[in-house]
Amino acid sequence: DVKVTQSSRYLVKRTGEKVFLECVQDMDHENMFWYRQDPGLGLRLIYFSYDVKMKEKGDIPEGYSVSREKKERFSLILESASTNQTSMYLCASSLRGPYGYTFGSGTRLTVV
Amino acid sequence: ELKVEQNPLFLSMQEGKNYTIYCNYSTTSDRLYWYRQDPGKSLESLFVLLSNGAVKQEGRLMASLDTKARLSTLHITAAVHDLSATYFCAVVMMDSNYQLIWGAGTKLIIKP
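Chains as they are written, first to last, in my numbering: chain X, 1 to 112; chain W, 1001 to 1112.
Laid out in structure tokens, this is it:
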């Protein structure tokens, strides 16, 4: 089974801190995605990547950046965390092509 | 731009009843996914529907796809409490790197 592992299940950070959310997949998937999920707002795409060192902005990239130095790892960076970035963050990966995504277990981030 | 609409967004029903969740989408696609999300958990793939007229069934859940009507349905038969979850449909955007476009999700509560 494809496994997508997010490094933290719960995270509490202070306003202004730089925050790193890590995601690792073990099935050689080309595509990786970061979403945030808030009540009533569904899944919103932050950034995605179709290959190593490639990144594309999603629907809500402001306040975030990403890094993909290795195929299996896709990191989401909050440059200066703010309270409105308190959310559930979901990482996903997929093969190149019209294939479904496999999701990690999510990181619930609280910014205080 | 591909838009995906699910309805209803919220559904409360009694055990033993039947109901249907609808997923409409705005442009041509012939591949659609259904996912389930339990409270506080991540998303798990339920079904992939690959062509017009496709039907998939697992237990009390049955999904179908009508690509001409741009409509998928997720039918629940004789609902049980364990099916309480949020259900998402996701449509493959065929002309843009096969990205998945997500519906807003249907929160299903099944009361004993």
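In this text, a Cβ means the ideal position worked out from N, Cα and C, and glycines have one as well.
So what's Q85 (chain X) in DSSP terms, helix, strand or just coil?
helix
With distances taken Cα to Cα, identify the nearest neighbour of S82 (chain X) among X:V12, X:V4, X:S7 and X:S8.
X:V12
What is the residue span of the beta strand (DSSP E) that V113 (chain X) lies within?
Because chain X here runs from 1 to 112, residue 113 (chain X) falls outside it and cannot be looked at.
Residues near E79 (chain X) by beta carbon distance below 8 Å, same chain, minus five either side:
K18, G63, Y64 and S65
According to DSSP, simplified to helix, strand and coil, what is L1083 (chain W)?
DSSP places L1083 (chain W) in helix when its eight states are reduced to three.
Quick check: what's the CA-CA separation for G1059 (chain W) versus K53 (chain X)?
42 Å
Indicate the three-state DSSP secondary structure (helix, strand or coil) for D38 (chain X) in the structure shown.
In the structure shown, D38 (chain X) falls within a strand segment according to DSSP collapsed to helix, strand and coil.
Chain C contact residues for S105 (chain X), given Cβ-Cβ distances below 8 Å
Annotation note: the requested chain C is absent from the structure, which comprises protein chains X and W.
Alpha carbon to alpha carbon, how far is G1016 (chain W) from V1092 (chain W)? Give it in angstroms, no decimals.
33 Å
Hey, Y47 (chain X) and P61 (chain X): beta-carbon distance below 7 Å or not?
yes
Alpha carbon to alpha carbon, what distance is there between F1010 (chain W) and A1069 (chain W)?
23 Å
Roughly how many whole angstroms lie between the Cα atoms of S8 (chain X) and G106 (chain X)?
8 Å
Starting from E1015 (chain W), trace the beta strand (DSSP E) both ways and give me its first and last residue.
Premise fails: E1015 (chain W) is in no beta strand (DSSP E) and is neither H nor E.
C-alpha gap between V4 (chain X) and L1049 (chain W), whole angstroms:
23 Å
Please check if any C-beta of chain X sits within less than 7 Å of the C-beta of W1102 (chain W).
yes
Does the count of Cβ pairs from the region 1084-1091 of chain W and the region 1100-1112 of chain W closer than 8 Å reach three?
yes
Would you be able to state if there are at least three C-beta pairs under 8 Å between the region 1062-1079 of chain W and the region 86-93 of chain X?
No, the region 86-93 of chain X does not touch the region 1062-1079 of chain W.
Simplified DSSP assignment, three categories, for K55 (chain X):
K55 (chain X) falls in the coil class under three-state DSSP.
Quick check on L1050 (chain W): does DSSP put it in helix, strand or coil?
coil
Taking only beta-carbon positions, decide if P98 (chain X) is within less than 7 Å of chain W.
Closer than 7 Å: yes.
Neighbouring residues, chain X, relative to Y1025 (chain W) (Cβ below 8 Å)
What Y1025 (chain W) touches in chain X: nothing, since even the nearest Cβ is about 14 Å away.
Counting only C-beta atoms, is G42 (chain X) closer than 7 Å to chain W at any point?
yes
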